[in-house]
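S.K.: Pasting in a structure now, in structure tokens, and then I'll have a few things to ask.
Protein chains: 2
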Amino acid sequence: MDNALDIDRVFGALADATRRDIVRRAIGGQEGVAELAGRYPMSFAAVQKHVAVLERAGLVTKQRMGRCKVVRTNSEGLSVARRLLDRYEESWRGRIDRMTELVTDTKEKDV
Amino acid sequence: MDNALDIDRVFGALADATRRDIVRRAIGGQEGVAELAGRYPMSFAAVQKHVAVLERAGLVTKQRMGRCKVVRTNSEGLSVARRLLDRYEESWRGRIDRMTELVTDTKEKDV
DNA sequence: GGCTGATACAACCGTATGGTTGTATCCATG
DNA sequence: CATGGATACAACCATACGGTTGTATCAGCC
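Those protein sequences? They're chains A and B, same order as listed.
All residue numbers in the first sequence are consecutive under our numbering, ending with 1399.
All residue numbers in the second sequence are consecutive under our numbering, ending with 1399.
As structure tokens, this is what we get:
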């Protein structure tokens, strides 16, 4: 279960509005770090750090493109995240549904 | 768009293995904070803080039950989180799919 | 009312995080 | 090969976070 760390990284990476916006913007995979940085009210280095966080979480990749590096959202990484969430929500929801019945029964019994 | 903060909170709350486990355990809604705390290798207060984080994110609720408070996973909060993720993934995936075609075309042109 | 179990809260500590500025490295191009 | 644009990295600062211990509050029960 060494993916526990990765789960933390993925959710952690998504827990920041700037980073979520970077993911969205990087879907096109047309902008370099500098262009990306120009869009946010913070320094180049700060955006660079955000990109690094996303990269460690496997949500984006960087790729040389001429003289600048292009940031591109990693659809595989995203779908991994997606499957993760699905799995969680599925198992949670399954139990919740059963519990909800239980609670309803309990309430009926309660009243 | 005041839910931006909430999104941060939800993802942030999920970015910790202990908290995810608490959510899972609290689905039954049968354990008090103390029982919950007994399951993790950390102090009562630490678990209490984790529960508080989940509560602020709307993922669990606390409810009096006799002399102890029972922690219960909030299915509504969870489904809100779920919808959030769905929305993100949907918009992202939609663009990704289009972009993937684009990339494929580019590659064919490239090689 | 007073005891006691259970929860809440406050103060503190070490470390991680998000931001800054400055410097170094890299590489396409002239 | 030298220049310059673009990225990477290091050092630093403030604040947030995850954990601890200790104390206060709250509610049930005798």
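We put the CB at the ideal spot given by N, CA and C, even for glycine.
Note the first and the last residue of the continuous alpha helix (DSSP H) segment covering B:Arg-1313.
M.R.: Here residue 1313 of chain B is taken as the residue at index 25 of the second sequence, counted from 1. Note, B:Arg-1313: alpha helix (DSSP H), 1305-1313.
S.K.: If I follow the unbroken beta strand (DSSP E) through B:Gln-1351, where does it start and stop?
M.R.: Here residue 1351 of chain B corresponds to residue number 63 of the second sequence, with the count starting at 1. B:Gln-1351 -> beta strand (DSSP E) spans 1348-1353.
S.K.: Determine, using beta carbons only, whether A:Lys-1397 comes closer than 8 Å to chain B.
M.R.: Along the first sequence, one-based indexing puts residue 1397 of chain A at 109. Residue placement at A:Lys-1397 is flagged as unreliable, the pLDDT there being 43, under the threshold of 50; a coordinate-derived value is accordingly withheld.
S.K.: To which residues of the same chain is A:Asn-1362 closer than 7 Å at the C-beta, ignoring the five residues directly before and after it?
M.R.: To locate residue 1362 of chain A, count along the first sequence from 1; it is residue 74. Result list for A:Asn-1362: Gly-1346, Leu-1347, Val-1348, Thr-1349, in chain order.
S.K.: With H, G and I counted as helix, E and B as strand and the rest as coil, what does DSSP make of A:Val-1399?
M.R.: Stepping through the first sequence from its first residue, residue 1399 of chain A is reached at position 111. Below a pLDDT of 50, predicted positions are generally treated as unreliable, and A:Val-1399, at 36, falls in that range; the measurement from the model is reported next regardless. Residue state, collapsed to three classes: coil.
S.K.: As an exercise, report each continuous alpha helix (DSSP H) stretch of at least 4 residues that is fully enclosed by the segment 1320-1377 of chain A, in chain order.
M.R.: 1321-1326, 1332-1344
S.K.: Who are the neighbours of A:Gly-1300 on chain B, taking C-beta pairs under 8 Å?
M.R.: As a working mapping, residue 1300 of chain A is identified with position 12 in the first sequence. Per Cβ cutoff of 8 Å: Phe-1299, Gly-1300, Ala-1303.
S.K.: Alpha carbons only, please: which of B:Arg-1307, B:Arg-1370, B:Glu-1323 is nearest the one belonging to A:Asp-1296?
M.R.: Looking up residue 1296 of chain A in the first sequence gives position 8. Of the candidates B:Arg-1307, B:Arg-1370, B:Glu-1323, the one whose C-alpha sits nearest the C-alpha of A:Asp-1296 is B:Arg-1307.
S.K.: Using a beta-carbon distance below 8 Å, is B:Arg-1370 in contact with chain A?
M.R.: The count along the second sequence starts at 1 and reaches residue 1370 of chain B at position 82. At least one chain A Cβ lies under 8 Å of B:Arg-1370.
S.K.: Identify the contact partners of A:Leu-1324 in chain B, using a Cβ-Cβ distance below 9 Å as the criterion.
M.R.: Mapped onto the first sequence, residue 1324 of chain A falls at position 36. None at all; the shortest Cβ gap to chain B is about 16 Å.
S.K.: Enumerate in chain order the residues of its own chain whose CB-to-CB distance from B:Glu-1343 is below 8 Å, with the five nearest sequence positions on each side excluded.
M.R.: To locate residue 1343 of chain B, count along the second sequence from 1; it is residue 55. Cβ neighbours of B:Glu-1343 beyond the five flanking positions: Thr-1349, Lys-1350.
S.K.: Where A:His-1338 and A:Ser-1331 are concerned, what is the direct C-alpha to C-alpha distance, given to the nearest angstrom?
M.R.: The residue you call residue 1338 of chain A lines up with position 50 of the first sequence. The residue you call residue 1331 of chain A lines up with position 43 of the first sequence. A straight line joining the alpha-carbon of A:His-1338 with that of A:Ser-1331 spans about 11 Å.
S.K.: Using a Cβ-Cβ distance cut-off of 8 Å, determine whether B:Asp-1294 contacts chain A.
M.R.: As a working mapping, residue 1294 of chain B is identified with position 6 in the second sequence. Output row for B:Asp-1294: interface = no.
S.K.: For B:Leu-1366, which residues from the same chain have a beta carbon less than 7 Å from its beta carbon, with the 5 sequence-adjacent residues on both sides left out?
M.R.: Here residue 1366 of chain B refers to the residue found at position 78 of the second sequence. The residues are Leu-1347.
S.K.: Residues of the segment 1307-1331 of chain B with a CB closer than 8 Å to any CB of chain A: list them in chain order, please.
M.R.: Arg-1308, Val-1311, Arg-1312, Ile-1315, Gly-1316, Gly-1317
S.K.: B:Leu-1302: which of B:Gly-1354, B:Arg-1383, B:Val-1341 sits nearest, CA to CA?
M.R.: Against the second sequence, residue 1302 of chain B aligns to sequence position 14. Residue B:Val-1341 is the option with its Cα nearest to B:Leu-1302.
S.K.: List the residues of chain A that B:Arg-1344 touches, going by C-beta distances under 8 Å, in chain order.
M.R.: Translated into the one-based positions of the second sequence, residue 1344 of chain B becomes position 56. Those do not exist, as B:Arg-1344 stays about 13 Å from chain A at its closest Cβ, beyond 8 Å.
S.K.: Determine whether the Cβ of A:Thr-1235 lies closer than 8 Å to any Cβ atom of chain B.
M.R.: The structure shown does not extend to residue 1235 of chain A, since chain A is modelled only from 1289 through 1399, so no value can be given for it.
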